[in-house]
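J.: Quick one: the structure is below, and I'll ask about it shortly.
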Amino acid sequence: MKKRWVFWWICNIFWMAIFVIGAAVVWLRDVDGAGVAQTPELKLIAFIVLLIAFILPFMIQVVWLIVNLKMGSNK
């Protein structure tokens, strides 16, 4: 495998791990940093905010995938 693919996979695993850890923290906490008790609705809102924060890295990874595929098909 070429270096760009290995690095792409490493970055994907890193972002996935960060997202899973963040989602676990959001879902498993009983009280947030402000001391507010977390209801399922508030946890869902916090999860949606986390999803919005990960849209930019996701778009970058998709563009990077397309570039890798195009560069691989030229050879």
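Going by this note's numbering, the letters in the sequence shown line up with residues 49 to 123, in that order. All C-beta atoms in this analysis are idealised placements derived from N, C-alpha and C, irrespective of residue type, glycine included.
I'd like to know whether the C-beta of V84 is nearer than 9 Å to at least one C-beta of chain C.
T.: In the structure shown, chain C does not exist; there is a single protein chain.
J.: Any contact between the region 93-100 and the region 57-76? By contact I mean 3 or more CB pairs, one from each, below 8 Å.
T.: Flag = yes, the region 93-100 and the region 57-76 touch.
J.: For V84, which three-state DSSP category applies?
T.: Counting from 1 along the sequence shown, the entry for residue 84 is found at position 36. Coil at V84, not helix or strand.
J.: Please state whether the Cβ-Cβ distance between R77 and N116 is less than 9 Å.
T.: Numbered from 1 along the sequence shown, position 29 holds the residue referred to as residue 77. Numbered from 1 along the sequence shown, position 68 holds the residue referred to as residue 116. Their beta carbons are not under 9 Å apart, which means R77 does not touch N116 by this criterion.
J.: Once you ignore the five residues that flank M119 on each side, which residues in its own chain have a CB closer than 8 Å to its CB?
T.: As a position in the sequence shown, residue 119 is number 71, starting the count at 1. Closer than 8 Å at the Cβ level, and outside the excluded window around M119, lie R52.
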